[in-house]
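Spelled out as structure tokens, the structure:
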């Protein structure tokens, strides 16, 4: 079983850790990329969140993953309970939404 560590943060700014406007601090549960898809879905359900902030082994944010994408992976024919978030890195989106293009 994988243990989940929850970190609560205040909105105060610390110079060494970026600003309060950092997309990683925007909200939502934060998980490590070595977490399995099944555990990530459980965390998302328990937190009643639509997405998770994914961090690498150094604690750096690597992106966001949405429940719809995790569910699609779990429901795919090639799914096993050993698939981890790092194994589906191509499904993890950027932290910030893409900039709107001018028409």
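Residue numbers (the working numbering): 570 to 672. Beta carbons: idealized from backbone N, C-alpha and C, even for Gly. Predicted model, so just to flag it, every value in this text is computed and none were measured.
Query raised in the report: Does the distance from the C-beta atom of residue 642 to that of residue 657 stay below 8 Å?
Result: yes
**Report entry** Candidates 650, 600, 663, 660, of which the one nearest residue 628 by Cα
**Finding:** 600
Query raised in the report: Under 8 Å, do residue 633 and residue 609 count as touching if we go by C-beta distance?
Result: Going by C-beta atoms, residue 633 is not nearer than 8 Å to residue 609.
Report task. Report all residues from its chain with a CB closer than 6 Å to the CB of residue 653; omit the five preceding and five following residues, and keep chain order. Result -> 603, 605
Query raised in the report: Less than 8 Å separating the beta-carbons of residue 659 and residue 607?
Result: no
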